[in-house]
Amino acid sequence: MKISIERAALLKAVGQAQSVVERRNTIPILANVLIEAEGDQVSFRATDLDIEVVDRAPAMVERAGATTVSAVTLHEIVRKLPDGALVQLADDGVAGRLSVQAGRSHFSLATLPKEDFPVMASSEYTANFTAPAQVLRRLFDKSKFAISTEETRYYLNGVYMHVAEGEDGAVLRCVATDGHRLARIDADLPEGAQGMPGVIVPRKTVGELRKLLDEDDTAIAVSVSETKVRFATPAITLTSKVIDGTFPDYSRVIPTGNTRRLEVDAQDFAKAVDRVATVSSERSRAVKLQLDEDRLVLSVNAPDAGAAEEELAVAYGDERLEIGFNAKYLLEIASQVDRENAVFLFNSAGDPTLMREGDDTSAVYVVMPMRV
Amino acid sequence: MPALCRDCLTRFDSGPRCPACRSPRVLAHPELDALSIAHVDCDAFYAAVEKRDDPALRDRAVIVGGGHRGVVSTCCYIARIRGVRSAMPMFTALKLCPDAVVIKPRGDRYAEVSRLIRAKMDALTPAVEPLSLDEAFLDLTGTERLHGAPPAVLLARLIRDIEAEIGVTASVGLSHNKFLAKIASDLDKPRGFSVIGRAETAAFLSGKPVGLIWGVGAAMQAELETAGIARIDDLLRWDRKELGARFGSMGDRLWHLAHGEDNRRVSAHDPVKSISNETTFDADIAARDRLEGHLWRLAEKVADRAKARDLAGRTVTLKLRRQDFTLLTRRQSLREPTQMADRLWQAGQALLAQVAEPGPFRLIGIGLSDLAPATVADRTADLLDPGAALRAEAERATDRIRARFGPDAIVKGRSLR
Numbered sequence: 001m002k003i004s005i006e007r008a009a010l011l012k013a014v015g016q017a018q019s020v021v022e023r024r025n026t027i028p029i030l031a032n033v034l035i036e037a038e039g040d041q042v043s044f045r046a047t048d049l050d051i052e053v054v055d056r057a058p059a060m061v062e063r064a065g066a067t068t069v070s071a072v073t074l075h076e077i078v079r080k081l082p083d084g085a086l087v088q089l090a091d092d093g094v095a096g097r098l099s100v101q102a103g104r105s106h107f108s109l110a111t112l113p114k115e116d117f118p119v120m121a122s123s124e125y126t127a128n129f130t131a132p133a134q135v136l137r138r139l140f141d142k143s144k145f146a147i148s149t150e151e152t153r154y155y156l157n158g159v160y161m162h163v164a165e166g167e168d169g170a171v172l173r174c175v176a177t178d179g180h181r182l183a184r185i186d187a188d189l190p191e192g193a194q195g196m197p198g199v200i201v202p203r204k205t206v207g208e209l210r211k212l213l214d215e216d217d218t219a220i221a222v223s224v225s226e227t228k229v230r231f232a233t234p235a236i237t238l239t240s241k242v243i244d245g246t247f248p249d250y251s252r253v254i255p256t257g258n259t260r261r262l263e264v265d266a267q268d269f270a271k272a273v274d275r276v277a278t279v280s281s282e283r284s285r286a287v288k289l290q291l292d293e294d295r296l297v298l299s300v301n302a303p304d305a306g307a308a309e310e311e312l313a314v315a316y317g318d319e320r321l322e323i324g325f326n327a328k329y330l331l332e333i334a335s336q337v338d339r340e341n342a343v344f345l346f347n348s349a350g351d352p353t354l355m356r357e358g359d360d361t362s363a364v365y366v367v368m369p370m371r372v
Numbered sequence: 373m374p375a376l377c378r379d380c381l382t383r384f385d386s387g388p389r390c391p392a393c394r395s396p397r398v399l400a401h402p403e404l405d406a407l408s409i410a411h412v413d414c415d416a417f418y419a420a421v422e423k424r425d426d427p428a429l430r431d432r433a434v435i436v437g438g439g440h441r442g443v444v445s446t447c448c449y450i451a452r453i454r455g456v457r458s459a460m461p462m463f464t465a466l467k468l469c470p471d472a473v474v475i476k477p478r479g480d481r482y483a484e485v486s487r488l489i490r491a492k493m494d495a496l497t498p499a500v501e502p503l504s505l506d507e508a509f510l511d512l513t514g515t516e517r518l519h520g521a522p523p524a525v526l527l528a529r530l531i532r533d534i535e536a537e538i539g540v541t542a543s544v545g546l547s548h549n550k551f552l553a554k555i556a557s558d559l560d561k562p563r564g565f566s567v568i569g570r571a572e573t574a575a576f577l578s579g580k581p582v583g584l585i586w587g588v589g590a591a592m593q594a595e596l597e598t599a600g601i602a603r604i605d606d607l608l609r610w611d612r613k614e615l616g617a618r619f620g621s622m623g624d625r626l627w628h629l630a631h632g633e634d635n636r637r638v639s640a641h642d643p644v645k646s647i648s649n650e651t652t653f654d655a656d657i658a659a660r661d662r663l664e665g666h667l668w669r670l671a672e673k674v675a676d677r678a679k680a681r682d683l684a685g686r687t688v689t690l691k692l693r694r695q696d697f698t699l700l701t702r703r704q705s706l707r708e709p710t711q712m713a714d715r716l717w718q719a720g721q722a723l724l725a726q727v728a729e730p731g732p733f734r735l736i737g738i739g740l741s742d743l744a745p746a747t748v749a750d751r752t753a754d755l756l757d758p759g760a761a762l763r764a765e766a767e768r769a770t771d772r773i774r775a776r777f778g779p780d781a782i783v784k785g786r787s788l789r
């Protein structure tokens with residue numbers, strides 16, 4: 001194999017590969033990226049056995065071939081090369097070495113045979129559809145903060161992507177929850193997604209997927225089976241196993257009878273919460289909300305650290321209410337609001353609270369109160 | 373050189389025997405009057421209590437330990453002569469010493485005797501740091517004018533009184549810091565009194581294995597070995613920064629200890645770091661429902677203790693001991709601290725469910741660590757477990773019933789498994 005490739009293209013491809021490889025693995029080849037050159041393009045493949053990413057980039061291929069080298073080392077080298085450099089990769093020198101040449105820099109990296117590189121078994125996808133990057137970006141960006149990190153409830157360690165019945169018919173829905181908060185985000189159902197099996201997309205996959213979604217109008221080809229999910233752009237294919245578990249019936253925990261309605265500017269609200277929470281020394285900082293006729297008083301009382309209070313003008317017309325929340329949870333859900341005011345719907349100080357953006361029900365958040 | 377008779381407490385200028393009572397139990401050391409950090413360690417404590425309570429056992433080998441199986445918890449010096457050691461499996465111990473009297477530990481009784489000893493220590497200084505029922509650090513700095521005698525005399529009197537009035541013997545280590553005092557108490561057991569002075573510290577440590585250092589176990593020893601450190605002298609060749617870089621905070625501590633420096637205070641109020649409970653089974657158990665039954669009982673005990681101290685913990689640790697005595701531990705961080713038996717059990721049960729090994733196991737334990745005050749515990753309910761709030765209320769009600777009518781007044785069915 002002998003190829004020449006532009007540094008920027010190489011950096012992007014290897015960057016994605018090195019973030020997929022498992023850093024603490026005991027199988028050496030899993031730390032490597034498989035480089036395959038053919039025709040006028042080169043592909044970079046990396047896997048941790050749960051996720052596989054293939055990144056294709058145009059290159060001048062002098063001699064086709066394939067080899068594997070440490071993804072992290074190659075990425076570090078390319079990152080440190082000057083912008084605009086032309087990089088040559090060749091395996092024709094010392095056996096078992098890949099030569100990396102750029103300008104006057106020369107590196108020789110140990111390789112492992114390409115035959116040892118694990119290839120993810122292909123899957124029969126039962127649903128295939130295409131969705132614009134911005135639609136998927138909204139679905140996952142707005143839900144991923146609620147993914148649980150509790151390993152004992154492994155079925156919550158991802159985003160549940162499925163087809164659901166929305167107010168105006170079927171929708172493509174993403175739900176994540178850790179038991180303290182929940183995010184439910186809907187999008188129009190893309191053509192071909194009907195009958196798609198519901199899958200739990202693991203946290204790491206969600207993180208990797210995000211890198212495919214930067215450009216608004218890229219069409220993302222999505223394929224789903226019971227066990228795998230695949231997201232593809234013309235240049236990158238991301239294949240991942242899904243979490244083998246049953247996502248809990250979230251619909252029964254989304255409150256429907258909450259009537260006390262608070263409307264507030266989300267940014268002002270978040271800033272005020274952040275300010276008052278400063279005085280708390282606890283790891284999970286509790287903020288108390290006192291609601292009264294168009295008035296919201298946020299307060300924190302930490303006996304050994306201090307106290308803080310801030311008043312906000314809001315729209316609230318129901319009876320008095322005092323309710324506590326974890327400041328971090330409030331900040332996270334408030335930061336999901338980007339267009340209109342945040343609308344909170346409360347029931348009592350012990351019941352889950354619902355939050356949405358204006359009257360838009362396509363993004364709904366639930367947060368559990370905290371005893372204060 | 374100042375000297376002290378350990379029998380009649382007469383102080384004199386060194387000699388082989390006490391000029392007053394002719395006892396040979398003379399303690400002479402150049403720094404005898406200048407040292408004030410002590411470690412007092414009872415000799416074969418559990419066995420000694422048993423012998424005290426039943427004089428018929430006096431001349432027999434006594435092993436205190438768990439039933440037919442289990443391990444030796446303590447053995448008397450007669451059994452030690454035959455090669456029995458604590459932590460040895462009981463069957464091995466009985467092979468070495470078949471005529472030994474095996475006694476099941478009576479924890480409450482030992483705690484009772486320990487309290488008597490503790491009271492005597494407390495009369496000497498407020499700075500008593502108990503390490504367990506049978507050993508404690510004492511800082512006697514500045515007590516000389518109060519008691520009219522230097523620390524060495526107070527300690528000799530303490531030991532003499534414990535022996536005469538309580539009926540168990542103890543050994544004392546006296547030095548200028550905790551690390552050396554602890555080592556010293558072990559030098560001359562039983563009924564020992566050893567002194568390590570400042571002047572002799574370096575010479576004393578020279579040539580000693582690193583395993584002598586408190587906190588350096590087998591794993592740490594192996595790690596040090598790979599760095600070419602086997603003896604305390606080897607540590608002296610290292611630069612403090614390099615040791616710190618290689619072994620973290622432990623490296624820094626090792627460097628100081630190797631130089632005979634230890635500035636930890638003798639603290640009576642060491643904060644609790646974890647609350648745990650475990651049980652060794654009469655016969656190994658593989659059945660998950662029976663393990664869960666044990667787990668529930670232990671979770672309830674841990675929760676009881678947490679509630680009694682107004683504490684809660686963020687990390688739940690499950691502990692299982694395999695048949696070959698190796699330990700398996702699994703831990704989980706909770707999103708907020710808890711002191712509820714129910715949450716503890718839920719987490720422990722989930723951890724147990726993830727243990728793929730079929731067992732059988734000989735021990736199960738559960739613990740709560742990363743402690744926080746109870747005021748920040750259990751403040752957020754679980755959306756996905758609406759029954760949890762009800763169960764928490766039931767647990768609080770149960771606690772009130774048990775407080776009034778005794779711990780067995782109301783129990784969960786699963787604790788009977």
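Heads up: the protein sequence lines correspond to chains B and Z, in order.
Be aware that the first sequence starts at 1, since it is given in this note's numbering, and climbs by one per residue.
Be aware that the second sequence starts at 373, since it is given in this note's numbering, and climbs by one per residue.
C-beta atoms are modelled at their ideal positions from N, C-alpha and C, and glycine is treated no differently.
Kindly list, in the order they appear in chain Z, the residues whose Cβ is closer than 7 Å to that of residue i.
{"i": "B:ASN326", "result": "THR752"}
{"i": "B:PRO352", "result": "LEU755"}
{"i": "B:ARG371", "result": "ARG751"}
Compute every distance between the C-beta of residue i and the non-hydrogen atoms of the ligand NAP, then say whether any falls below 8 Å.
{"i": "Z:ALA684", "result": "This structure lacks the ligand NAP, and indeed carries no ligand of any kind."}
Quick one: which chain B residues come within Cβ less than 7 Å of residue i?
{"i": "Z:GLU708", "result": "SER284"}
{"i": "Z:ALA722", "result": "THR152"}
Please decide whether residue i counts as near chain Z, where near means a Cβ-Cβ distance under 9 Å.
{"i": "B:PRO234", "result": "no"}
{"i": "B:GLY257", "result": "no"}
{"i": "B:GLY306", "result": "no"}
{"i": "B:THR361", "result": "no"}
Using beta-carbon positions only, say whether residue i and residue j come within less than 9 Å of one another.
{"i": "B:MET60", "j": "B:ASP92", "result": "no"}
{"i": "B:ARG56", "j": "B:GLY15", "result": "no"}
{"i": "Z:THR573", "j": "Z:LEU552", "result": "yes"}
{"i": "B:GLU263", "j": "B:ALA342", "result": "yes"}
{"i": "Z:ASP623", "j": "Z:GLY616", "result": "The sequence shown places Gly at residue 623 of chain Z, rather than the Asp named in the question. Yes, Cβ-Cβ distance for Z:GLY623 and Z:GLY616 is below 9 Å."}
{"i": "B:PHE140", "j": "B:VAL53", "result": "no"}
{"i": "B:GLY179", "j": "B:GLU151", "result": "no"}
{"i": "B:HIS75", "j": "B:ALA37", "result": "no"}
Do you know whose CA, among the options, lies nearest residue i's CA?
{"i": "B:LYS2", "options": "B:VAL314, B:VAL87 and B:GLU22", "result": "B:VAL87"}
{"i": "Z:ARG662", "options": "Z:LEU788, Z:ARG394 and Z:ASP471", "result": "Z:LEU788"}
{"i": "B:TYR125", "options": "B:GLY96, B:GLU226 and B:LYS328", "result": "B:GLU226"}
{"i": "Z:THR541", "options": "Z:ALA416, Z:ARG774 and Z:THR770", "result": "Z:ALA416"}
{"i": "B:ALA219", "options": "B:ARG252, B:LEU136, B:THR177 and B:SER70", "result": "B:LEU136"}
{"i": "Z:ALA536", "options": "Z:GLY579, Z:ARG424 and Z:ASN635", "result": "Z:ARG424"}
{"i": "B:LEU189", "options": "B:GLU208, B:ARG203, B:HIS162 and B:THR205", "result": "B:HIS162"}
{"i": "Z:GLU501", "options": "Z:ASP413, Z:VAL588, Z:GLU484 and Z:SER543", "result": "Z:ASP413"}
{"i": "B:LEU345", "options": "B:ASP338, B:THR361, B:SER335 and B:ARG339", "result": "B:THR361"}
{"i": "B:VAL199", "options": "B:TYR155, B:THR259 and B:GLU191", "result": "B:TYR155"}
Which chain Z residues are close to residue i, counting only those with a beta carbon under 9 Å from its beta carbon?
{"i": "B:VAL366", "result": "LEU755"}
{"i": "B:HIS162", "result": "What B:HIS162 touches in chain Z: nothing, since even the nearest Cβ is about 17 Å away."}
{"i": "B:THR177", "result": "LEU755 and LEU756"}
Please tell me whether residue i has its Cβ less than 9 Å away from any Cβ of chain B.
{"i": "Z:VAL748", "result": "yes"}
{"i": "Z:GLN704", "result": "yes"}
{"i": "Z:GLN711", "result": "no"}
Could you name the residues of chain Z that residue i contacts, counting a contact when the two beta carbons are closer than 8 Å?
{"i": "B:THR246", "result": "Chain Z residues near B:THR246: none, gap ~12 Å exceeds 8 Å."}
{"i": "B:HIS180", "result": "ARG707, THR752, ASP754 and LEU755"}
Please compile the residues from chain B whose C-beta is within a distance smaller than 8 Å of the C-beta of residue i.
{"i": "Z:ALA499", "result": "In chain order: nothing, as chain B lies at least about 26 Å away."}
Q.
Check whether the stretch 426 to 445 of chain Z and the stretch 396 to 408 of chain Z are in contact - that is, three or more C-beta pairs closer than 8 Å.
A. no
Q. Does the stretch 269 to 276 of chain B come close enough to the stretch 348 to 368 of chain B to have 3 or more Cβ pairs within less than 8 Å?
A. no
Q: State whether the stretch 161 to 174 of chain B contacts the stretch 110 to 125 of chain B, with contact taken as three or more CB pairs (one from each stretch) at a distance under 8 Å.
A: no
Q: Indicate whether the contact test is met: 3 or more Cβ pairs, each with one atom in the stretch 448 to 459 of chain Z and one in the stretch 427 to 435 of chain Z, closer than 8 Å.
A: yes
Q: Evaluate the contact criterion for the stretch 238 to 253 of chain B versus the stretch 296 to 307 of chain B: three or more CB pairs, one atom per stretch, below 8 Å.
A: no
Q) Within the chosen definition, does the stretch 703 to 712 of chain Z reach the stretch 651 to 660 of chain Z through at least 3 CB pairs nearer than 8 Å? A) no
Q: Specify whether the stretch 31 to 47 of chain B and the stretch 102 to 122 of chain B touch according to this definition: at least 3 beta carbon pairs, one from each stretch, less than 8 Å apart.
A: yes
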